[in-house]
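Scroll down for the structure; my scribbles are underneath it.
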Amino acid sequence: MEPYNIYISGVGGQGIIKTSIIIGEAAINTGFDVVMSEIHGMAQRGGGVSTELKIGHAKSPIIQDGGADLLIAFEPLEALRALSKLSSSTYMVVNNSTIMPFNILKSNIPYPDVKTIFDQLKSVSSNLMVLNADEIAKSVGNILSLNMVMLGGALAVPDFPVDKNSIIEAMKDNLPEKTLEINIEALNQGFKLFSI
Amino acid sequence: MNIEKVLTGEKDEKLFLLGNEATVRGALESGVQVAATYPGTPSSEIGDVFSKIAKQAGVYFEFSINEKVAMEVAAAASASGLRSFTFMKHVGLNVASDSFMSLVYTGVNGGMVVLSADDPSMFSSQNEQDNRNYARLANLPMLEPSNPQEIKDLMKYGFELSEKFKLPVMIRTTTRVSHMRGMVKFDTVNRKKEKGFFHRDPERFVPVPETARIMHKELVEKMEKIKDKSENSVYNKIYNNDADIGIITSGSAFNYVMDILDQHKIKANVLKVTFSYPFPEKLVLKFLKSVKDIVVVEEVDPVMEKEVLTILGKYGIKRNVHGKLDGTLPMIYEYSPDIIVNSFNKIYEPKIPRNKVFKSKVRVPKRPPTLCPGCPHRAVYYNIKTVLDDLNIKDPIYPTDIGCYTLGIEAPYESADYLLSMGSSIGTSCGFSKATNQVVISFIGDSTFFHAGIPPLINAVHNKNNFLLVILDNRTTAMTGGQPHPGLPVDGMGDAAPEISIEKIVKATGVQNIKTINPLNIRTSREIFKEALEYQGVSVVISKYPCMLIKNQFKKKQIKLEVKENKCRECLYCLENLACPAIFLSDNGSVKIDGLQCKGCTVCKQICPEQVIKVRK
């Protein structure tokens, strides 16, 4: 099949690579081929992080400009940074909780108004799904579960190639057992927001 | 996935593995017995996986003090008949190269694979050197995988080839292959004998001029035979579509090429060069003859392109060759599918359609990586900067080194002025202290000090230099993910190990003025830095405090800080001088501390001019 391309972006420490691995393993267990690209190293120290996944027939995990079917952005500015990967048909699941770059006071480019960011995203595609993943994660009991809130939101996207049960199975293989209950609740809360 | 699966996974099992994880599986299936490395991204996770499973696998694994030692450990194991593996980032091979260059002369007994993980576009490196050149410089076989499955397969083939020809084999990956995740199908793990035996044979293993001359001749003869192997290798594959255009490609670039051809139904013949050195001349010649036009798609240096031009010249054949040298493809950085499309569109019609590219109408501020909240380095930078102000010292020079503290390059720290390689902070401090009258303050981490900092420090003392060296001992190799080093009481397999004292080493080099500080104690640290800066000669301050990312260090109750309500006058001194990610300006303009991010280091509390930061109740 034509690959389904997922671009995931956010800030180091938000659980982006873990989320990507869960999607990848769930897709493989569903029977798809998957390739994924991740960048390690310096990024952990509060820098921007992104991963790219292609589910289906592809050799390279790198998504072309305008080639993402789905953007999962853990932070608004990082959604904006991913703009070149988006097209008018891309679905965008975006956390509206901001994280300032550490040097923003010394930067000659200010952090844009969040409304401006969402206007920019909407001008590319109308398929924008915004949620406050931080608040939801806190309400289910642990801010660290915000990545599963985001994944829950992504699960509600039409055409998302993997079903919720497969995701939960992959979560069991990748998350500490004692946090599983909270993480599944986080997933469900994120999903509930957008599922019809 | 539990990482132990890399060892326990059974034959025919398929797992979603990182290239670096597949590397370990390939070594285990090959019956590797000794593995050694110094951590370096993009190869770091290979060591991390070995570190977790080596004991259970019956493999000896170590984090060596540097890449040269890692190379030597593996070489000796191989000379003793064991299969050995050493792996490192591309610049690590520079460190190991002295021994590496002779190792190809002596050859090996047990199969030995040397993996170099190159970093095109420099995601986490100081340069993007193309280590395919090392295969030519040293003269040894090279294999270039394109995905995790291929890494695993080529590890096995590499060991076999090495053992057959008694020569180390080099595998070159790039960031996009080492950090690519894909499905890998397992074979059986192969366990071999645990101890080898070294049969002495000085004519083979001691390259002095008389023996080395013979060894070099034998090396050339071996490589002549190995050329047959690359000519006929199943890993060098022609995808023949009866086209006029022929594309020669390798590694990650092969993936981009195939996806673009496939997606846009473009007809071209493709030669994937995987067994890339000795360059398969006859195979390439046959391929060149079968097409009218050639495009060479390879990352970083025009290595294959020059080989192709040589072959065309040698056989007097005329073909158009497109690549880096004629400007069709970029000369530097990694490629991407978009770069392939743009390049093809320069030379061929009809043009490949491109997606519409959206650009943000507002400017997007950068988000560079930074020191973590609670990072002890931040306090060191703050202390030194303020002490320099107090002493009215202008134009200091900050030679720095490889590690998290390189992040000191950013404002407000701006404490990174000169950097070449591991250990260069101290060597270049020697030069700056002789060449200028400026104050020289040099930074090096604990792991980097062990790796390459000791000889230059001896040099500094012996040659009567004058500078301050700050050893940032955060009790781990932090930047690459927290690997142990000789200064810690644990080794690469998780066993207890003698802890080598940095302070005693510094003393032994002859440094007279040595102080150890807790950098989070601002007042005392500043006093000690003041004294050290007033000292004539080499003085060393060891800043000892563990990295905030080390797990389980906060077993005792962790404190958090907060700004006293309505007391802060928003002078922003803390924000501007510490730039701690936990301190932020809220929407109403007041200074706040994020309780989730705060690690309770208390530096902000100590430096607040208004004394309005307190411990959270």
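From first to last, the protein sequence lines stand for chains A and B.
Under the numbering used here, read the first sequence as residues 1 to 196, first letter to last.
Under the numbering used here, read the second sequence as residues 1001 to 1617, first letter to last.
Note that the Cβ used here is the ideal one computed from N, Cα and C, for glycine as well.
Within the stretch 1178-1203 of chain B, those residues whose Cβ lies closer than 7 angstroms to any Cβ of chain A are, in chain order, H1179, M1180, R1181, G1182, M1183. With the rule of 3 Cβ pairs closer than 8 angstroms, the stretch 1154-1162 of chain B does not count as touching the stretch 1276-1289 of chain B. Contact between P1042 (chain B) and V1114 (chain B) fails: their C-beta atoms lie close to 16 angstroms from each other, not under 8 angstroms. Sixteen is the threshold: since fewer than 16 other Cβ atoms of the shown chains lie within 10 Å of the Cβ of S88 (chain A), the residue is exposed.
Ranked by how close their Cα comes to the Cα of S1360 (chain B), the residues A:G141, A:L77, A:E135, A:G152 have A:L77 in first place. Membership of M1088 (chain B) in the beta strand (DSSP E) is indicated by the continuous run 1084-1089. Its Cα nearest to that of V34 (chain A), the residue A:V162 stands out among A:I104, A:I168, A:M171, A:V162.
Per the coordinates, the alpha-carbon of A137 (chain A) lies some 7 angstroms from the alpha-carbon of L144 (chain A). When the beta-carbon positions are compared, L1161 (chain B) and K1229 (chain B) come within less than 8 angstroms of each other. Using beta-carbon distances, L1575 (chain B) counts as an interface residue toward chain A, with a partner under 8 angstroms.
Going by C-alpha positions, L1419 (chain B) is about 23 angstroms away from T1386 (chain B). Put simply, the backbone Cα of S1590 (chain B) is about 34 angstroms away from that of I1393 (chain B). For the options A:R81, A:I63, A:A58, the alpha carbon positioned closest to that of G47 (chain A) is the one of A:R81. Here A73 (chain A) is near S9 (chain A), since their CB atoms are less than 8 angstroms apart. Q64 (chain A) has a beta carbon lying within less than 8 angstroms of a beta carbon in chain B.
Residues of the stretch 1365-1395 of chain B that bring their beta carbon within less than 7 angstroms of a beta carbon in chain A comprise P1365, K1366, R1367, P1368, P1369, T1370, L1371, C1372, in sequence order. Just measuring C-alpha positions, the residue of B:S1276, B:V1049, B:L1549, B:K1164 sitting nearest H1377 (chain B) is B:L1549. The three-state secondary structure of E1062 (chain B), taken from DSSP, is strand. DSSP places T51 (chain A) inside the beta strand (DSSP E), whose first and last residues are 48-55.
T1509 (chain B) is positioned such that its CB atom lies closer than 8 angstroms to that of I1454 (chain B). Excluding residues up to 5 positions away in sequence, I1397 lie with their Cβ nearer than 8 angstroms to the Cβ of T1436 (chain B) in the same chain. Taking a Cβ-Cβ threshold of 7 angstroms, the residues of chain B close to L83 (chain A) are F1358, K1359, S1360, in chain order. In the DSSP assignment, I136 (chain A) falls within the alpha helix (DSSP H) that extends over 133-140. Distance check between V1362 (chain B) and each of A:A156, A:M171, A:K172, A:P112 places A:P112 closest, using alpha-carbon atoms only. Closest in C-alpha terms to V1270 (chain B), from the list B:L1219, B:V1296, B:K1282, comes B:V1296.
Contact holds between the stretch 96-111 of chain A and the stretch 1366-1375 of chain B, because three or more Cβ pairs, one in each stretch, are under 8 angstroms apart. DSSP, reduced to helix, strand and coil, places S1539 (chain B) within a strand of the structure shown.
Partner residues in the beta bridge of E1562 (chain B), as assigned by DSSP, are B:K1614.
Boundaries of the beta strand (DSSP E) harbouring Y1277 (chain B): 1275-1277, taken from the DSSP string.
Per DSSP, F160 (chain A) lies in no beta strand (DSSP E) segment and is marked neither H nor E. Taking 8 angstroms as the threshold, the shortest C-beta distance from K59 (chain A) to chain B falls below it. The contact set of S87 (chain A) on chain B, defined by CB atoms closer than 9 angstroms, consists of N1355, K1356, F1358 in chain order. Using a CB distance below 7 angstroms, the part of the stretch 118-133 of chain A facing chain B consists of Q120, V124, ordered along the chain. Below 8 angstroms, enough C-beta pairs join the stretch 1025-1045 of chain B and the stretch 1060-1080 of chain B to call them touching: three or more. Taking 8 angstroms as the upper bound on Cβ-Cβ separation, chain A lies near residues S1336, P1337, D1338, V1341 of the stretch 1323-1341 of chain B.
Remark: fewer than three beta-carbon pairs, one from each stretch, lie closer than 8 angstroms, so the stretch 1236-1254 of chain B and the stretch 1218-1226 of chain B are not flagged as touching.
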